[in-house]
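Colleague: A single structure is presented below for examination.
In my numbering, the protein residues as written are 24 to 163.
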C-alpha cells in the first residue's frame with residue numbers, strides 16, 4: 024500500500040517521522056452534504072528513509088499489503104464463512120439459524136484474537152520509496 028505523506032523530521036538512525044492527514048470517508052467535503060462532523064485524523068509514524076528525504080518533503084511511503092489483507096480476511100471473511108457453514112450444518116437438525124449465529128460469533132472472537140495478536144507482536148514497517156510526483160522537495 025502506498026500513500027503520499029509529508030516528512031515532519033529526520034531522525035539520527037536513518038529514519039524519518041512522517042505525517043499523514045487522513046480525511047473522513049466523505050473526503051472532507053462536508054459542506055456539500057450538510058456536514059457529517061467527521062474530523063481529519065493526523066497519523067504520525069516512523070519510516071525507513073533510504074532516499075534521504077528532509078523535513079518538509081512530500082514523499083511516497085509504502086507498507087506491506089499482506090498484513091492489511093490478512094486483517095480484512097479475519098474481520099470480514101472468516102465470520103461469514105463460519106456463519107454459512109454453521110447454518111448449513113445446523114439445517115440438518117432445524118437449528119440452522121442458531122448454529123449459524125454461533126459460528127458467526129466464534130468468527131468474531133477469532134477476529135478479535137487475531138487483531139490483539141497483531142497489535143502486540145507485529146508492527147507495520149513503512150519505507151519511503153520516493154518523492155511525491157509533482158510536489159518535489161521542500162525549499163530549504
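Yeah, the Cβ is synthetic: ideal placement off N, Cα and C, and Gly gets one too. A quick note: this is a predicted structure, and the numbers were derived from the prediction, not measured.
1) In the DSSP assignment, what residue or residues form a beta bridge with residue 43?
2) Can you check whether the CB of residue 42 is closer than 8 Å to the CB of residue 83?
3) On a CA-only basis, which of 122, 76, 138 and 68 is nearest residue 107? Give me that one, please.
4) How about residue 45 and residue 69: do their beta carbons lie closer than 8 Å?
5) Considering residue 99, what are the terminal residues of the beta strand (DSSP E) in which it resides?
Modeller: Per the coordinate set shown:
1) 66
2) no
3) 122
4) no
5) No beta strand (DSSP E) contains residue 99, which DSSP labels as neither H nor E.
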